[in-house]
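Peer 1: Using this note's numbering, the letters of the sequence shown correspond one by one to residues 421 to 838. Take a look at this one; I'll ask things after.
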Amino acid sequence: MTTELLDCVVIGGGPAGSTTAALVAEQGRSTLLLERDSFPRFHIGESLMPETYWTLERLGVADRVRSGCFVKKNGVQFVNHEGKESKPFYFREADDRDCAETLHVQRDEFDRMLFENAAAKGATCWDRTRVLDVKFSGEGPHTVEYRRDGGEVESVRARVVVDATGQQAMIASRMQTKKVDPDLKKAAIWGYFKNAKRNGPGEAEVTCILHTTSKQCWFWYIPLSNGTVSIGVVGDNEYLLKGRGTPAEIFAEERAQCIGLRARMEHAELVGEWHVAKEFSYKCHQVAGDGWVLVGDAYGFIDPIYSSGVFLALKSGEMAADAIVAGLKKDDVSRAQLESWTGEFNEGVVWIRKLVDAFYTHEFSFGDFMKNFPAHRNNLTDLLVGKVFDGEPGRMFTDMDPWIESLKESGDSMAMKS
Ligand SMILES: Cc1cc2nc3c(=O)[nH]c(=O)nc-3n(C[C@H](O)[C@H](O)[C@H](O)COP(=O)(O)OP(=O)(O)OC[C@H]3O[C@@H](n4cnc5c(N)ncnc54)[C@H](O)[C@@H]3O)c2cc1C
């Protein structure tokens, strides 16, 4: 039996998969994008980083996305465990261009735009199509088995298979190369609330990050254009979920401990159901092989704290697409070629990871760090914008690293005294 041979089959129609498919298809390469759900479909991940702009621009959708119905996001604000509100880190203070502002998006609509864009660029895009298996055959081509609309199992061969299945991480899960991050075993409970406090219609809003009094959890607060606010609590998996009742009960207990939420949620009412996610931080230790490559969450996810997920999904999709197109052109889809983008990518991700580790250092607070090192305000804003792939993203850490070490040491000596 012969099966059709395509240049590229992408599994998963989230931001990473739609980006890869669009950019490979745009170069005239036969591309099939397969998504198991039916668009538009719900997804978490509404707060974007401003640096998403450049990939959206390259995809040709920046204007469409920006003129859509989404809420403008103009900064990030932290509220500490005592309810003290930081001065918002407004993106425009560090960069006055329009691209410095970004959006809070409903992902059903945002992801649909990207999926449709991949089709407009020449990819064949099928939703309601679940990939069941990838049968690897040496250096390739590999065979992708799928079921469309609940029909018969069908298959297609691909010179390059792209895994963009998000947290499913289909290929890495099967190869057992997906490793949960032992330092970030977190869980989240969230919902969508009407009558939660927000700015007036049409006004830009910040993403707000609020600590609870014990600092064991933090909340995100993301206003959306449908009138609701996405509000979620994140904490250690063991602490948040073990033996504590229903998601509603746990959320209520943590909410009562968050001073910054009192006024914001005074009249808030849940719309729809509670959502729970856990162990979402991991990395896959092999990003590519001969004829296959991972992108987006299927490669790894750090933590939701700085809203870097969609940005890194778009960026990895873009970088992998360039490696695929170059490889197809010179008839080299080897592992070395398909992972050639990851050095640069991982170097950028390191800065986001360092910022995540700082946030989870119990003694650390951005407010105190800014008071002591006001010259780093724009450097921190640059990182919150997502400027990690060029310039000097690490310059703030020459002061932040020793500052955190000294806080940890004084925390240790206090603990020893008591
Ligand atoms: C609690 C939490 C909060 C978050 N908040 C934010 C935020 O505010 N901002 C932000 O930028 N990011 C956030 N993220 C991260 C964000 O959700 C992801 O990083 C982002 O969606 C990754 O995009 P992706 O394209 O790699 O994967 P996804 O968006 O997950 O897309 C993967 C797609 O693959 C499809 N798929 C899976 N298996 C198959 C299969 N077998 N066959 C066919 N299709 C398949 C799925 O249906 C899905 O549509 C958050 C994550 C969590 C856990």
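Even glycine gets a Cβ: it sits at the ideal position worked out from N, Cα and C.
1) Nearest by alpha-carbon distance to R527: which of C519, G503, V491 and T549 is it?
2) Within 10 Å of its beta-carbon, does G437 have 16 or more other beta-carbons around it, so buried, or fewer, so exposed?
3) Go ahead and pull the three-state DSSP assignment for P643.
4) If you run the structure through DSSP and keep just helix, strand and coil, what is G709?
5) Less than 8 Å between the beta carbons of K698 and D601, yes or no?
6) If distances are taken between C-alpha atoms only, which option among W638, G655, G434 and V808 comes closest to V769?
7) Take T633 as the anchor and find which of H501, E825, N798 and S450 has the nearest alpha-carbon.
8) I'd like to know if the segment 577 to 585 and the segment 478 to 491 are in contact, where contact means that at least 3 CB-CB pairs between them fall below 8 Å.
9) Which residue's Cα is closest to the Cα of E669: G542, G611 and H705?
10) DSSP three-state call for Y473: helix, strand or coil?
11) Are V429 and L452 touching if we call contact CB-CB under 8 Å?
12) Of all the beta strand (DSSP E) runs that stay within the bounds of the segment 548 to 586, which reach a length of 3 or more residues?
13) Measure the alpha-carbon distance for L523 versus G558 and round it to whole angstroms.
14) What residue range is occupied by the uninterrupted alpha helix (DSSP H) comprising E529?
15) Going by DSSP in three states, A688 sits in which element: helix, strand or coil?
16) Roughly how many angstroms separate the alpha carbons of T440 and D710, rounded to a whole number?
17) Please determine if the segment 549 to 557 and the segment 678 to 691 are in contact, where contact requires at least 3 C-beta pairs separated by less than 8 Å.
18) Taking 7 Å as the cut-off, does the CB of Q588 come closer than this to any heavy atom belonging to ligand 1?
19) Would you check if the segment 709 to 725 and the segment 586 to 605 touch, i.e. whether three or more CB-CB distances between them fall below 8 Å?
20) Can you tell me which of the three DSSP states N494 falls into?
21) Taking 7 Å as the cut-off, is the beta-carbon of D772 closer than that to any non-hydrogen atom of ligand 1?
22) Is D569 a contact residue of ligand 1, with contact defined as CB to any heavy atom under 7 Å?
23) Check whether the Cβ atoms of I772 and Y726 lie closer than 8 Å to each other.
24) Taking all protein chains shown into account, do 16 or more other C-beta atoms lie within 10 angstroms of the C-beta of D427, making it buried, or fewer, making it exposed?
25) Which word fits N619, buried or exposed, when buried means at least 16 other C-beta atoms lie within 10 angstroms of its C-beta?
26) Report the CB separation of K493 from T666 in whole angstroms; it is logged as a contact under 8 Å.
27) Assuming G831 and S506 make a contact with CB atoms under 8 Å, what is their CB distance in whole Å?
28) Indicate the three-state DSSP secondary structure (helix, strand or coil) for A608 in the structure shown.
29) I'd like the list of long-range same chain contacts for T544, defined as Cβ closer than 6 Å, with 5 residues on each side in sequence excluded.
30) How many angstroms separate the CA atom of K598 from the CA atom of E536?
31) Buried or exposed: which applies to K750, given that a residue is buried once 16 or more other Cβ atoms fall within 10 Å of its Cβ?
32) Between the segment 751 to 761 and the segment 789 to 804, are three or more C-beta pairs nearer than 8 Å?
33) With 16 as the cutoff for other CB atoms within 10 Å, does H562 come out buried or exposed?
34) For the alpha helix (DSSP H) holding I591, just list the boundary residues, first then last.
35) Measuring only from the beta carbon, is D656 closer than 7 Å to any heavy atom that is part of ligand 1?
36) Alpha carbon to alpha carbon, what distance is there between R568 and M421?
Peer 2: Reading it off the structure:
1) The option with the nearest alpha carbon to R527 is V491.
2) By the neighbour-count rule (16 or more Cβ atoms within 10 Å), G437 is buried.
3) Here P643 sits in strand by DSSP.
4) In the three-state reduction of the DSSP assignment, G709 falls in the strand class.
5) It is not a contact, given that the beta carbons lie outside the stated cut-off.
6) Check the Cα spacing between V769 and each of W638, G655, G434 and V808: the tightest is with V808.
7) When each option's Cα is compared against that of T633, the closest is H501.
8) The segment 577 to 585 vs the segment 478 to 491: no contact.
9) Considering only alpha carbons, the answer is G611.
10) DSSP places Y473 in helix when its eight states are reduced to three.
11) Their beta carbons are under 8 Å apart, which means V429 touches L452 by this criterion.
12) The segment 548 to 586 contains these whole beta strand (DSSP E) runs: 549 to 555, 562 to 568 and 573 to 583.
13) Distance between the alpha carbons of L523 and G558: 43 Å.
14) In the DSSP annotation of this structure, the continuous segment of the alpha helix (DSSP H) that includes E529 starts and ends at R527 to A540.
15) If DSSP states are grouped into helix, strand and coil, A688 belongs with coil.
16) T440 and D710: Cα-Cα distance of roughly 17 Å.
17) Contact fails: fewer than three Cβ-Cβ distances are below 8 Å.
18) For ligand 1, at least one heavy atom lies less than 7 Å from the Cβ of Q588.
19) Cβ pair count under 8 Å is three or more, so yes.
20) DSSP places N494 within a strand segment (E or B) once states are collapsed to three.
21) It is Ile, not Asp, that sits at residue 772 in the sequence shown. I772: no, Cβ never under 7 Å from ligand 1.
22) Outside the cutoff, so no.
23) Contact flag set, yes.
24) Counting other Cβ atoms within 10 Å of its Cβ, D427 reaches 16 or more and is therefore classed as buried.
25) Exposed, since its Cβ has fewer than 16 Cβ neighbours within 10 Å.
26) Incorrect: roughly 31 Å between the Cβ atoms, too far for contact.
27) In fact, because the Cβ distance is near 21 Å, the residues do not count as touching under 8 Å.
28) Residue state, collapsed to three classes: strand.
29) Taken in chain order, the residues that qualify are L452.
30) Cα-Cα distance, rounded: 30 Å.
31) By the beta-carbon neighbour count (other beta carbons within 10 angstroms, threshold 16), K750 is exposed.
32) Contact annotation: the segment 751 to 761 does not touch the segment 789 to 804, with fewer than three C-beta pairs closer than 8 Å.
33) With 16 or more other CB atoms across the displayed protein chains lying within 10 angstroms of its CB, H562 is buried.
34) Per DSSP, I591 belongs to the alpha helix (DSSP H) from M590 to M595.
35) Distance from the C-beta of D656 to the nearest heavy atom of ligand 1 is not below 7 Å.
36) With a pLDDT of 48 at M421, under the threshold of 50, the modelled position of that residue is not reliable, and no figure is offered here.
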